[in-house]
Each structure stands twice: as structure tokens, then as C-alpha cells.
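Be aware that the sequence shown starts at 1, since it is given in the numbering used here, and climbs by one per residue. To start, the structure under review is shown below, and the notes come after it.
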Amino acid sequence: MFPLRRNRRLRSNEAIRSLVRETIISPNDFIVPLFIVEGKSVKEEIASMPGYYRYSLDLIEKEVKELWGLGLKSVLLFVKVPENLKDNAGTEAINPEGLMQRAVKTVKNAVPEMLVMTDVALDPYSSFGHDGVIADGKILNDDTTAILAEMSLSHAKVGADFVAPSDMMDGRIFEIRSLLEDEGFHDTGIMSYSAKYASAFYGPFRDALDSAPVDAQEVPKDKKTYQMDPSNRDEAIRETMMDIDEGADIVMVKPGLCYLDIVRDIKNVVNVPVSVYQVSGEYAMIKAASEKGWLDHDAVVLEQLTAIKRAGADMIASYFAKEAVKLIS
Ligand code: PBG
Numbered sequence: 001m002f003p004l005r006r007n008r009r010l011r012s013n014e015a016i017r018s019l020v021r022e023t024i025i026s027p028n029d030f031i032v033p034l035f036i037v038e039g040k041s042v043k044e045e046i047a048s049m050p051g052y053y054r055y056s057l058d059l060i061e062k063e064v065k066e067l068w069g070l071g072l073k074s075v076l077l078f079v080k081v082p083e084n085l086k087d088n089a090g091t092e093a094i095n096p097e098g099l100m101q102r103a104v105k106t107v108k109n110a111v112p113e114m115l116v117m118t119d120v121a122l123d124p125y126s127s128f129g130h131d132g133v134i135a136d137g138k139i140l141n142d143d144t145t146a147i148l149a150e151m152s153l154s155h156a157k158v159g160a161d162f163v164a165p166s167d168m169m170d171g172r173i174f175e176i177r178s179l180l181e182d183e184g185f186h187d188t189g190i191m192s193y194s195a196k197y198a199s200a201f202y203g204p205f206r207d208a209l210d211s212a213p214v215d216a217q218e219v220p221k222d223k224k225t226y227q228m229d230p231s232n233r234d235e236a237i238r239e240t241m242m243d244i245d246e247g248a249d250i251v252m253v254k255p256g257l258c259y260l261d262i263v264r265d266i267k268n269v270v271n272v273p274v275s276v277y278q279v280s281g282e283y284a285m286i287k288a289a290s291e292k293g294w295l296d297h298d299a300v301v302l303e304q305l306t307a308i309k310r311a312g313a314d315m316i317a318s319y320f321a322k323e324a325v326k327l328i329s
């Protein structure tokens, strides 16, 4: 009489499998990253992100209406800043008429109910491609957080629902929260990139925004003095707890797939929503392998997104959001 327990009974057909399924992905899970450029009628494919585009503001309207129609209700905005507007302090980031500020208004105008999140970091605005101001061979922490707070305020003023600081400077959540409160933006939320690793998977994103670090004043061309060492696990909890203490409404782990242990560690100890960013390199790998016919694209996309949610993600920022909701509908 062995085995008494036959686990295959619960897998024997789709009806029983769907009854016992533990993780379901839905349009409610997604945040859609959008890349925005200056110009008119621009829809440029990003070379290292096949099927993903940079849009000018006139075309972004149509895109967000389509997203809303698919049940996708949150976007995360990134802008590609013209080279001549970049400087060390990222001054253009706080221009009230800058591309990001106009983009927020455009999206809110097109679909007022859409949740608009904005990337807050200096790298797309920095002539050195860094997330902080550089002086004497160093990335200056406190000078940078002061600018990030101003940048967040300027996004809040044009209607951003959430700001999403992705820079990894110390103390930025406190600076941002304090300034937003002082200026009366009590309802503007903060989604903090709290455990963000110095990952090689951001390459295609830096192509998309032309924001890769360059040689500058003896500062290394990598982001290892502010983004986390991929070898570290306990540190992710420390970073995340600090951001929650400073006022983060939502915390984030980034990238996704290589860091699912971190996602679960954090999910087990925090009581705020946890987001995961499935980053550009993760997107590019699936696209490249399926172009070669080596992987089943749709199946791999759904498997990875399910794995991220199963690990503990309450929401996922993903370049696959649109394709995924079409696949599950
Ligand atoms: C900017 C920022 C980056 C990403 C999101 N915000 C790049 C970086 O830190 O170098 C990466 C997203 C992706 O690869 O999809 N600070």
C-alpha cells in the first residue's frame, strides 16, 4: 500500500491544476516602463530591446490609451535627455518645462485615472552618466539627495502620483519625503528602488536612454560605489528597512530573476508592498534566445513573471507587461 499519497492526482488535468494553482498573474500586477523622447511622431525601436520603443509625446497618448484598454493601470516614465542639456548636476531634471514634466502632464491628460510613476535619478541628465554629482573623484551623496528632492517635487507639481528614486544614494527617501510634506504633497507616494544591485543586466536600458557612465574625473565607469554588490544578501534587508523607516510606501528589488532569493527574504520581513523590476537585460535575453528559435518566447515570459510573483513580488515592472496581458486574456 505505498504510496498513500500520490501528488500527481492534483496535476491530472487542467481543471484540477487551475483549482490548486497558487500564483496567478493578472493585469493588476504590472507597472509598464515607458521611454520618452523629444520630437514629433517618433516611434524608435531600441536596438538591444527588440519590440520596445522610444515614443515622442504625441504618440505616448495613443500608447497609454491602449495600455489602459488592456487593463494596465500604472506606468513608470523615463526620458531620453538631449546631449546638450546634460551637465554634472543634472540641472535639466528640475526644469518645470522639461521632458519628464511635460510627459507626466501628457499621460494624465490622455488617461486621467492612469497611475503615473516617475524615475528619479540623475543619470539620464548627467554628462557623466552617473546617478550623482561628481567632485574630486567622488559621487557626492548629500549634494545629490538635495537635487533628487527638488526633482521629486517638480514631478509632484505636474501631477505624478508616485516618484521612484532609482539612484541608491543614502538618505534620499528622507530628503524626498520631507520636502514633499513641507510643500503639501502629502499624497504623492514614493516607490523606492531599495535593493538595487550593480548589475550587468542594465545594459540595454542605458542604450535606450543613452545614459551609460563615461570616464570622468577619476570616477569609475561603473556604479559600484552606490548600487549594491550582487554578492550581498543581508545588506538588502538593511537597505530596505532604512527606506521604509524614511517613508517609502513601496520598496523594490532589482533586477528580478537573479535576485528572487532577495525578493523572498524581503517579503518575509516587511509589511509594505514589494515590487520587482524585471530589467532590460532580462527582456533582451528572452528576445534574443527566442529569435534564434532556442526558447519558446511566450511560455518563458509567463514562467519568469510567475516565478517573480511566486517569490514574493506584489507588483512587477516589466517590458513584457503588454505581451503578458495579451497572453493571459
Ligand atoms: C536609472 C535607472 C536604471 C534602470 C532604471 N533606472 C539604470 C541604472 O541604474 O544604470 C535600469 C532599468 C533596466 O535595465 O531595465 N538610475
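Glycine included, each C-beta is placed from N, C-alpha and C at the ideal position.
- The beta carbon of V111 sits closer than 7 Å to those of V64, K65 and W68, all from its chain and outside the five residues before and after it, given in chain order.
- The distance from the Cβ of T145 to that of E175 is about 4 Å, consistent with a contact at the 8 Å cut-off.
- DSSP, read as helix, strand or coil, puts Y226 in coil.
- The three-state secondary structure of M285, taken from DSSP, is helix.
- Segment contact: the segment 190-199 against the segment 245-252, three or more CB-CB distances shorter than 8 Å; contact assigned.
- Rounded to the nearest angstrom, the gap between the Cα atoms of R172 and A149 is 7 Å.
- Burial of P124 is indicated by the presence of at least 16 other C-beta atoms within 10 angstroms of its C-beta.
- Taking the Cα of K287 as reference, the smallest distance to any Cα among N7, A47 and I25 is reached at A47.
- If you draw a straight line from the Cα of I24 to the Cα of A313, it is about 12 Å long.
- Annotation: N232 to N7 spans about 36 Å, alpha carbon to alpha carbon.
- Listed in chain order, the alpha helix (DSSP H) runs fully inside the segment 30-58 amount to none, counting runs of at least 4 residues.
- Just so you know, the alpha carbons of K80 and K43 end up roughly 13 Å apart.
- The alpha carbon of S275 has as its nearest neighbour, out of Q217, D222, S74 and T225, the alpha carbon of S74.
- For V279, the CB falls within less than 7 Å of some heavy atom of the ligand PBG.
- Counting other Cβ atoms within 10 Å of its Cβ, K326 stays below 16 and is therefore classed as exposed.
- Nearest C-alpha to K322 among P50, D58 and G71: G71.
- In this structure R238 is exposed. Its beta-carbon is surrounded by fewer than 16 other beta-carbon atoms within 10 angstroms.
- Taking the Cβ of Y202 as the reference point, at least one heavy atom of the ligand PBG falls within a distance shorter than 7 Å.
- Annotation for F128 indicates a beta carbon at 7 Å or more from all heavy atoms of the ligand PBG.
- DSSP, read as helix, strand or coil, puts M151 in helix.
- In the structure shown, G132 adopts coil according to DSSP, grouped into three states.
- Under the DSSP assignment, L180 falls in the alpha helix (DSSP H) whose first and last residues are R172 to D182.
- A direct Cα-Cα distance of roughly 31 Å separates A236 from H297.
- Shown here, Q101 sits in a helix according to DSSP, grouped into three states.
- Here G51 is exposed: its Cβ has fewer than 16 other Cβ atoms, across all protein chains shown, within 10 Å.
- Runs of beta strand (DSSP E) with 3 or more residues, each lying fully within the segment 59-126, are found at 74-79 and 115-120, listed in chain order.
- DSSP places S192 in the uninterrupted beta strand (DSSP E) bounded by G189 to K196.
- DSSP, reduced to helix, strand and coil, places I328 within a helical segment of the structure shown.
- By the Cβ neighbour-count rule, Q217 is exposed, with fewer than 16 other Cβ atoms within 10 Å of its own.
- Contact check for K86 against S152 fails: the beta carbons are separated by 8 Å or more.
- When DSSP states are grouped into helix, strand and coil, Q217 belongs to the coil group.
- Excluding its 5 nearest sequence neighbours in each direction, V269 has C-beta neighbours in its own chain below 7 Å: I237, listed in chain order.
- Closer than 7 Å to some heavy atom of the ligand PBG: that does not describe the Cβ of F174.
- For the 8 Å CB-CB criterion, F30 and I316 form a contact.
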